[in-house]
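Just so you know, the protein sequences line up as chains A and B, in that order. Here our numbering = 1-based position in the first sequence + 772. Here our numbering = 1-based position in the second sequence + 144. Beta carbons: idealized from backbone N, C-alpha and C, even for Gly. It should be emphasised that the depicted structure is a prediction, and the values quoted were computed from it without experimental measurement. Comments concern the structure below.
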Amino acid sequence: MLSIKGLHAKVDDKPILRGLDLEVGPGEVHAIMGPNGSGKSTLANVIAGRDGYEVTDGSVRFLGCSLLSLTPEERAREGVFLAFQYPVEIPGVSNVAMLKEAVNAVRKHRGEPGLDAMDFLKLARERLKLVEMKEEFLYRSVNEGFSGGEKKRNEIFQLAMLEPRLAILDETDSGLDIDALKVVAGGVNAMRDSARSIVLVTHYQRLLEHIVPDWVHVLADGRIVRSGDKELAVELEQQGYGWVNSGADQAVGVG
Amino acid sequence: MRTAHDASTYVAAQRDAAAALPAAGRRWLDQCRSAALAQLELTGLPDQSNEDWKYTPIRPITREAFAPAQAGSDCPRQFVVASTIPNLDSYRLVFVDGFWSPALSNLDGLPAGVTLAGLGQMLDNDPARIEPWLGSALGSEPHGFIAMNSSFVGDGAVVEINAGVVLDKPVELLFVSGCGGSGRLSLPRNLVVAHSGSQATVIERHVSLLENRSLSNSVSEVIVESDARLTHHAVQQESPRSFHVGGLFVRVGRRAEFCATTVTLDGALVRRDALINLDDEQAQAHLDGLYLAFGRNHVDNHTHVVHHAPNGVSREHYKGVLGDRARAVFHGRIVVQPGAQQTDSQQRNQNLLLSRDAEADSKPQLEIYADNVKCTHGATVGQLDEGAIFYLRSRGLDQVQARRALTRAFAADVLERMVPTALRSYLEQQVNDRMQAVSEIER
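Rendered as structure tokens:
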């Protein structure tokens, strides 16, 4: 599904990713963990195609095609979804208007007919339930005035509407209380599918108690320094990331 | 270099036309016209040395000698039908190059207590009724173009709502310019009088028959008596080659409320002045504005709100969307006179620049001579939020869809509360169409 080889990326001329390799197969859930500044969010943003992240070496292939030459919307239409760490508030653009345009852009790309208003609403109501959101959220401006928890739920709702093949969740657990975390995790679990891969970027093991990953990777200094199964996350939680830094190349402080 | 056609061109044209203007020979009216003419001759057309015109060069207008339009030009009925706002039920007066066309107008079912008529006809038939109103909201001529309008004053709309009458449908004034060919000047003067306790909505629309070059110089005077509620929507949608100068001059009485929306959709050079006098206690004014300018369009909105008495409220919110090499000016002057205590005044101007070459100049000006007042103002000039664009693109919207959605959202809140809803829907559509046409070429 996703194959990253020797990825190097810079932000503001500062190297952040320094030879990252990652293989994600269909239906797999991978957790990327690591200390602050290790490059977790950079990885998520490079995959989604955000401006300002310059790839200097390596490749990112999605379903056999290079992602790096595609625009953000082309990636989205191919089935890449990024749940933002900080979802953007967009006053004046309703959730429903944005999602209808987005869903139909994806469908058109796949050669499917656009959904009419009735079918779209039916789907939206169904998917809102996955994250326990009220219908009024459809008609509110995107994330405007939403609480932290509502914003994260809205991200997962969008994921559920867009049915991506690869979903990257960037620190989706940050700022959530335990109830909101369970709701968000429930929504993600409901979208687990043998054809859909999920990459969870997180600092804490907490989320992984609710969304159990197949693989856990530790990112430090722009590289994966250790991979294992879900037990690795527990180990990290107990030991912290101190050992990571002591063993890794300290040439550039990106913390 | 070509000769500039300055005030003298129009002074001469007025002298040629004066004898044939409606009710010429009536002393008070002749005096009004000649005083305005003297003013035009004395001050000339405004230039950039005038602080109020600093950012608006009128050279595009003075390159050509616009000839005052003649009555009787033809405007096809189909055009008027095609120009109507879908689902808007209104009493409609249509003006062809500034002259009232009874044949194209529709006053069916007009209730008692309401007068809708052409100013020219009223001046001929019942001048005594007009005399106390004409010029009363305008006061002194603020600049040469308004003086020009006053010197030619002859036709336009008269809207009078008797005391206590609540008008069931909006009054629509449709001004069609360019009917008499290229290079015409139309000079309508409208008088709207809402007597005590009455309520009405007036929609003033300016459209072009053809893509002719024309100059519209349109002045509306509005008197809102005590406890009355008047809503005035002005929509400027003339051709991209047209010039439009005009103004709205309003007096608001005790506990009366005046609400206005000024929407500028197109025009090579558009300058609109608004002077709102809150004459008595608890008078309120709500002024909203939306201007779109692309290509090399230039839009200048000049508002001037004067609080004369205690407990007045004024709210101003103007928003502009500018692309290409367009330029917009907003000058918002608020004066709180001594004794106008407890004035509550807010002003906001927000500009969205879609291109690097567009420019907005925003100038708030507060003059406060009372010590117990609440006045705030804010002006912004900004671009679309790149973070929001990326967010939408990451959901699958392309660059154009994302930019359009955000631009539409920016413009939307000015129209959001607009009543009648048929006008709001129509304007939302017009704004969208305009975006559709231009956003392809942005970036």
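Starting from residue i, find everything on chain B with Cβ-Cβ shorter than 7 Å and list it in chain order.
i        : result
Gly864/A : Ala553, Phe554, Ala556, Asp557
Gln857/A : Simply none; closest approach about 12 Å.
Leu854/A : Ser538
Arg822/A : Phe534
Please look up how many angstroms separate the CB atoms of residue i and residue j, rounded, as I've assumed it's under 8 Å.
i        : j        : result
Val903/A : Phe929/A : 5 Å
Gly467/B : Leu434/B : Not confirmed; about 14 Å, so no contact.
Leu329/B : Phe210/B : 4 Å
Asn356/B : Gly322/B : 4 Å
Ala157/B : Pro212/B : 5 Å
Leu353/B : Val320/B : 5 Å
His442/B : Thr200/B : 7 Å
Ala281/B : Arg395/B : 5 Å
Asp424/B : Ser383/B : Actually they are not in contact, since the Cβ atoms of Asp424/B and Ser383/B sit about 41 Å apart, beyond 8 Å.
Ala344/B : Leu374/B : 6 Å
Pro271/B : Tyr570/B : In fact, because the Cβ distance is near 37 Å, the residues do not count as touching under 8 Å.
Asn876/A : Asn926/A : The Cβ separation is near 19 Å, so there is no contact.
Thr814/A : Val783/A : 6 Å
Taking all protein chains shown into account, decide if residue i is buried (16 or more other Cβ within 10 angstroms of its Cβ) or exposed.
i         : result
Asp268/B  : exposed
Met805/A  : buried
Pro255/B  : exposed
Lys812/A  : buried
Val1024/A : The pLDDT assigned to Val1024/A is 37, lower than 50, so where the model puts this residue is not dependable, and the model offers no usable value.
Gly908/A  : The residue you asked about is not Gly; residue 908/A is Glu in the sequence shown. When all chains shown are included, Glu908/A counts as exposed.
Pro844/A  : buried
Met890/A  : exposed
Arg171/B  : exposed
Val563/B  : exposed
Met145/B  : With a pLDDT of 43 at Met145/B, under the threshold of 50, the predicted position of this residue should be treated as unreliable, though the coordinate-derived value follows. Classification of Met145/B: exposed, given that the 10 Å Cβ count is below 16.
Tyr513/B  : exposed
Leu792/A  : buried
Arg221/B  : exposed
Ser831/A  : exposed
Gln214/B  : exposed
Arg236/B  : buried
Ala164/B  : exposed
Thr520/B  : exposed
Phe152/B  : Residue identity check: residue 152/B is Ser in the sequence provided, not Phe. With fewer than 16 Cβ atoms within 10 Å of its Cβ, Ser152/B is classed as exposed.
Thr974/A  : buried
His565/B  : The sequence given here has Thr at residue 565/B, not His. Exposed is the call here.
Cys403/B  : buried
Can you pull the chain A residues whose beta carbon is under 9 Å from the beta carbon of residue i, in chain order?
i        : result
Asn550/B : Reading off the sequence shown, one finds Leu at residue 550/B, where the question assumed Asn. What Leu550/B touches in chain A: Ile862, Gly864, Val865.
On the DSSP bridge list, what partners appear for residue i?
i         : result
Asn361/B  : Val389/B
Asn495/B  : Gly464/B, Val525/B
Asn250/B  : Arg236/B
Ile970/A  : Val801/A, Ala939/A
Gly262/B  : Ala301/B
Leu318/B  : Val238/B, Arg349/B
Tyr1013/A : According to DSSP, Tyr1013/A bridges with nothing at all.
Leu794/A  : Ile776/A
Lys507/B  : His475/B
Thr153/B  : Answer is none; Thr153/B lacks a bridge partner.
Ala344/B  : Leu374/B
Taking Cβ-Cβ distances shorter than 9 Å, what residues in chain B pair up with residue i?
i        : result
Leu934/A : Arg539, Gly540
Val878/A : Arg539, Gly540
Gln930/A : Arg539
Glu845/A : Leu536, Arg537, Ser538, Arg539, Gly540, Leu541, Asp542, Gln543, Gln545, Ala546
Against residue i, what residues of chain A qualify as contacts under a CB-to-CB distance less than 8 Å, listed in chain order?
i        : result
Gly531/B : Val860
Just the chain B side, please: which residues come within less than 8 Å of residue i by C-beta, in chain order?
i        : result
Met870/A : Leu536, Arg539, Leu541, Ala549
Phe918/A : Result: empty, since nearest Cβ-Cβ is about 13 Å, beyond 8 Å.
Arg849/A : Gly540
Pro787/A : Here the premise fails: no neighbours, minimum Cβ distance about 22 Å.
Which residues in chain A sit within 7 Å of residue i, going by Cβ to Cβ distance?
i        : result
Gln545/B : Glu873
Between residue i and the ligand FMN, is the CB less than 7 Å from at least one heavy atom?
i        : result
Leu311/B : Looking at this structure, you won't find the ligand FMN or any other ligand, since it has none at all.
Determine, for residue i, whether the minimum Cβ-Cβ distance to residues of chain C falls below 8 Å.
i        : result
Gly467/B : Checking the listed chains, one finds no chain C in this structure; the protein chains it contains are A and B.
Meets three-Cβ-pair contact criterion under 8 Å: the stretch 533 to 546 of chain B and the stretch 502 to 522 of chain B: no
Three or more C-beta pairs below 8 Å linking the stretch 190 to 198 of chain B and the stretch 451 to 467 of chain B: no
The stretch 290 to 304 of chain B contacting the stretch 249 to 266 of chain B, beta-carbon criterion three pairs below 8 Å: yes
At least three beta-carbon pairs within less than 8 Å, the stretch 981 to 990 of chain A to the stretch 791 to 802 of chain A: yes
Meets three-Cβ-pair contact criterion under 8 Å: the stretch 936 to 944 of chain A and the stretch 848 to 862 of chain A: yes
The stretch 570 to 584 of chain B / the stretch 540 to 560 of chain B touching (three or more Cβ pairs under 8 Å): yes
Validate contact between the stretch 818 to 825 of chain A and the stretch 834 to 848 of chain A using beta carbons, cut 8 Å, 3 pairs: yes
Cβ contact check for the stretch 915 to 931 of chain A and the stretch 946 to 954 of chain A: 3 or more pairs under 8 Å: yes
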